[in-house]
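Numbering (my numbering), first residue to last: 359 to 482.
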Ligand code: AMP
């Protein structure tokens with residue numbers, strides 16, 4: 359989209375599902391919000407806790423992200439959510455899928471915060 363400015367509404371895409379959640383146009387179980395990020399429960403949880411943390415700005419992938427401060431705030435929000443969800447002590451996982459081989463299905467940067475059970479490694 360032309361005329362993008364960081365933090366402005368024109369940084370969003372009309373038809374992006376996560377932009378629409380950030381704008382409150384489609385329902386989501388929002389657990390936390392800040393000026394530039396939103397966290398909500400995943401529709402198809404892969405554990406007892408599964409929260410997605412997204413920037414309000416439309417950034418398609420981690421690979422297109424260049425705002426180090428924003429990325430830091432997203433990570434800190436993920437950490438704070440783990441604390442609020444009561445999974446910090448036992449441990450949790452923060453995942454960013456990038457592109458087809460990474461398993462990314464929604465083209466809007468998101469961090470998965472997963473916990474409440476023991477995850478295996480390596481991932482499938
Ligand atoms: P990824 O495969 O890493 O792109 O993750 C996308 C995630 O978004 C999946 O875990 C989906 O279950 C989740 N998801 C898709 N649509 C929604 C929605 N409307 N509300 C909440 N989670 C969603």
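A virtual CB, placed ideally from N, CA and C, is assigned to each residue, including glycine.
- In the structure shown, the three-state DSSP call for residue 398 is strand.
- Listed in chain order, the non-local C-beta contacts of residue 440 below 7 Å within the same chain comprise 446, 450, 471 and 473, local neighbours out to five positions each way being set aside.
- 7 Å or more divides the Cβ of residue 453 from the Cβ of residue 376.
- By alpha-carbon distance to residue 462, the top candidate from 421, 378, 414 and 393 is 421.
- As DSSP reads the structure, residue 390 sits in a beta bridge with 397.
- Per DSSP, the beta bridge partners of residue 413 are 395.
- Within the same chain, no residue comes within 6 Å of residue 373 by CB-CB distance, once the 5 residues on both sides are set aside.
- Note on geometry: alpha-carbon atoms of residue 380 and residue 395 lie some 8 Å from one another.
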